[in-house]
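Going by this note's numbering, 270 is the number at position 136 of the sequence shown; the sequence numbering is gapless.
Beta carbons: idealized from backbone N, C-alpha and C, even for Gly.
Here the structure is a predicted model, which is why all the values come from computation and not from measurement.
Beneath this line is the structure, given in structure tokens, with notes to follow.
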Amino acid sequence: MPDETRTLRHAATALPSSAASLEAAAPEAAARRAVWTTRLVVVGIVLAALNLRPAITSLGALLEEARVGLHMSGSVAGLLTSVPPLCFAVFGVAAPRLARRFGPAAVVCAGMAAIAAGLLVRPFAGGTPGFLAASALALMGIAVSNVLMPVIVKRYFPDRVGSMTGLYSMALALGTSLAAAATVPVTQALGGSWRVGLAVWAAVAAVAVLPWIGLVRDRDRARPYAAGAAGAEDVPEPRVTRSPTAWALGCFFGLQATGAYITMGWMPQIFRDAGVSASTAGVLLAVTMVMGVPLAFVIPRLASRMKSQGPIVIALGVCGLAGYLGLLLAPVAGAWLWALLLGVSNCAFPLALTMIGMRSRTGAGVVRLSAFAQSTGYLISIPGPLLVGVLYQHSGGWTLPLGLMAGLLVPQMIVGVMAGRDRTIEDETRVRD
């Protein structure tokens, strides 16, 4: 009996120390989990960004082969170039509702899967309707991911919005350039079939699904819009349509997207009409696009350290004005300089994404602002490239189209300065409620 008593007493005294050990181990486990989750988010953001444009630029590289192979009319092929911004505007509106229902990480995961499925199916769909339907599936995945990327950044990196937006924008620019430059060589290396050349990008999108599967399991962080989320209980969701900053940001996003689509669609033709060879014109476009890789990382970091982003808006607009003026007066003599300046000007896109994250204090506000600004902006951008084509066809030269391109930069700078003011949509909508 005495031995049993001593044993029981020893066990009783050991219980508090064991409980203390468990309590001490819990924070360490939580810290390790947080580090693992953060690293997974970074990988997921980079891989997602790499896949948000290859569906568009890979098709552009093989558009003629696809048109012939599918017996597609010229008008339908031309319509394909206008489908992406239309899909971004239409499907992007659904992102906030989906994020509230399933969580942003789950929606992005589904978006990556939709991109992979659409890219895999569309080359082998068997006809133009199937090709368009599969393209729409991929673009739907891109649209919701476009809207939710700033939300993911704001949620997981609230004190590093600039640097993480820069990383995301840099990866997006890299994916855009890589698909445009590598699609044709990869197609030739795989036997010359345009179907295989387009389908190969589905494998890249499939890899991007993997990190998001892991993040979907982290329900507490993946669903920040549920009741009781940090900050959600005392800050109502803002009505973005009643915010002047939201409208200014939507117009800024639309005008910068208009300039980007015009540049990608028409700049090589401008140089070729001036006497530059087709191969050199393609390289000049690549230079313009590649400028977005380093600057997409620098500009958001700089913008996040400034109370007002107006000076950056003005600087980018002035670069664009100088580039268009150079294309009008000396397109051949200063071709490389104009390509560089227009590449700098096109970096208004990562600046717009950064301002989306900075103009709202809450995750709910960011997702609504992102959906509103991007959907409104992509709708605004649809007629721009078509209008440039009409002016070029009817005027027989580039004076009027270049005047339009330069003229659009003036309202872009005005609304950009308004969007860059140090205020949030919550402040504006609360004043009006």
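Three-state secondary structure assigned by DSSP to residue i
{"i": "Leu521", "result": "helix"}
{"i": "His528", "result": "helix"}
{"i": "Gly245", "result": "helix"}
{"i": "Arg231", "result": "helix"}
{"i": "Gly196", "result": "Looking at the sequence itself, residue 196 is Leu, so the reference to Gly does not match. In this structure, Leu196 counts as coil in the three-state DSSP scheme."}
{"i": "Cys221", "result": "helix"}
{"i": "Gln443", "result": "coil"}
{"i": "Val334", "result": "coil"}
{"i": "Ala464", "result": "coil"}
{"i": "Leu204", "result": "coil"}
{"i": "Arg493", "result": "coil"}
{"i": "Ser216", "result": "helix"}
{"i": "Thr317", "result": "helix"}
{"i": "Leu450", "result": "helix"}
{"i": "Ser327", "result": "coil"}
{"i": "Thr558", "result": "coil"}
{"i": "Gly309", "result": "helix"}
{"i": "Arg256", "result": "helix"}
{"i": "Tyr457", "result": "It should be pointed out that residue 457 corresponds to Gly in this sequence rather than to Tyr. Reduced to three states, the DSSP call for Gly457 is helix."}
{"i": "Val369", "result": "Summary for Val369: the model assigns pLDDT 47, below 50, so the residue's position carries little reliability; its value from the coordinates is reported in the next sentence. In this structure, Val369 counts as coil in the three-state DSSP scheme."}
{"i": "Arg173", "result": "helix"}
{"i": "Gly296", "result": "helix"}
{"i": "Arg351", "result": "coil"}
{"i": "Gly119", "result": "Outside the shown range of the chain, which is 135 to 567, sits residue 119, and nothing can be said about it."}
Endpoints, alpha helix (DSSP H) assigned at residue i
{"i": "Asn185", "result": "First-last for Asn185: undefined, no H or E at that position."}
{"i": "Gly388", "result": "378–407"}
{"i": "Ile548", "result": "533–553"}
{"i": "Ile514", "result": "497–515"}
{"i": "Asn280", "result": "262–290"}
{"i": "Ala411", "result": "Checking the sequence, you will find Ser at residue 411 rather than Ala. Neither: Ser411 is in no alpha helix (DSSP H) and is coded neither H nor E."}
{"i": "Val478", "result": "469–479"}
{"i": "Gly426", "result": "426–438"}
Cα-Cα separation, residue i to residue j
{"i": "Thr317", "j": "Val278", "result": "25 angstroms"}
{"i": "Leu520", "j": "Gly384", "result": "20 angstroms"}
{"i": "Val369", "j": "Tyr395", "result": "The predicted model places Val369 with a pLDDT of 47, which falls under 50 and marks its position as unreliable, so this point remains unresolved."}
{"i": "Gly203", "j": "Ala268", "result": "16 angstroms"}
{"i": "Thr172", "j": "Gly178", "result": "10 angstroms"}
{"i": "Ser257", "j": "Tyr458", "result": "Position check: residue 257 holds Pro in this sequence, whereas Ser was assumed. Taking the straight line from one Cα to the other gives about 37 angstroms."}
{"i": "Met206", "j": "Arg493", "result": "44 angstroms"}
{"i": "Ala333", "j": "Met423", "result": "23 angstroms"}
{"i": "Gly331", "j": "Thr379", "result": "43 angstroms"}
{"i": "Ser570", "j": "Ala165", "result": "An answer regarding residue 570 cannot be provided, because it is not within the stretch 135 to 567 covered by the chain."}
{"i": "Tyr290", "j": "Ala313", "result": "29 angstroms"}
{"i": "Ala307", "j": "Gln390", "result": "15 angstroms"}
{"i": "Leu214", "j": "Ile276", "result": "16 angstroms"}
{"i": "Val341", "j": "Leu181", "result": "8 angstroms"}
{"i": "Ala437", "j": "Val524", "result": "37 angstroms"}
{"i": "Ile190", "j": "Glu162", "result": "45 angstroms"}
{"i": "Ser377", "j": "Gly511", "result": "15 angstroms"}
{"i": "Phe236", "j": "Thr321", "result": "38 angstroms"}
Residue i burial status per 10 Å Cβ neighbour count (16 or more: buried)
{"i": "Arg564", "result": "exposed"}
{"i": "Lys288", "result": "buried"}
{"i": "Gly300", "result": "buried"}
{"i": "Phe387", "result": "buried"}
{"i": "Pro465", "result": "buried"}
{"i": "Asp556", "result": "exposed"}
{"i": "Phe222", "result": "buried"}
{"i": "Thr375", "result": "exposed"}
{"i": "Trp335", "result": "buried"}
{"i": "Ala467", "result": "exposed"}
{"i": "Glu562", "result": "buried"}
{"i": "Glu560", "result": "buried"}
{"i": "Val169", "result": "exposed"}
{"i": "Pro218", "result": "buried"}
{"i": "Val120", "result": "Absent from the model: residue 120. The displayed extent of the chain is 135 to 567, so no value can be given."}
{"i": "Gln508", "result": "buried"}
{"i": "Arg187", "result": "buried"}
{"i": "Ala323", "result": "exposed"}
{"i": "Gly260", "result": "exposed"}
{"i": "Ser529", "result": "exposed"}
{"i": "Val544", "result": "exposed"}
{"i": "Leu418", "result": "buried"}
Could you check whether the region 237–247 touches the region 314–331, counting it as contact only if at least three pairs of C-beta atoms, one from each stretch, sit closer than 8 angstroms? no
Does the structure place the region 468–485 close enough to the region 422–437 that three or more beta carbon pairs sit under 8 angstroms? yes
Stretch-stretch touch, CB-based, cutoff 8 angstroms, three pairs: the region 223–242 with the region 501–517: yes
Is the region 454–462 touching the region 539–556, taking contact as three or more C-beta pairs under 8 angstroms? yes
Is it true that the region 541–559 meets the region 437–449, where meeting means three or more beta-carbon pairs spaced less than 8 angstroms apart? yes
Would you call the region 487–503 and the region 413–423 touching, i.e. three or more CB-CB distances under 8 angstroms? no
Tell me, please, whether the region 521–537 touches the region 332–351 by the rule of three or more beta-carbon pairs shorter than 8 angstroms. no
With contact counted as at least three CB pairs below 8 angstroms, one residue from each stretch, are the region 290–307 and the region 485–493 in contact? yes
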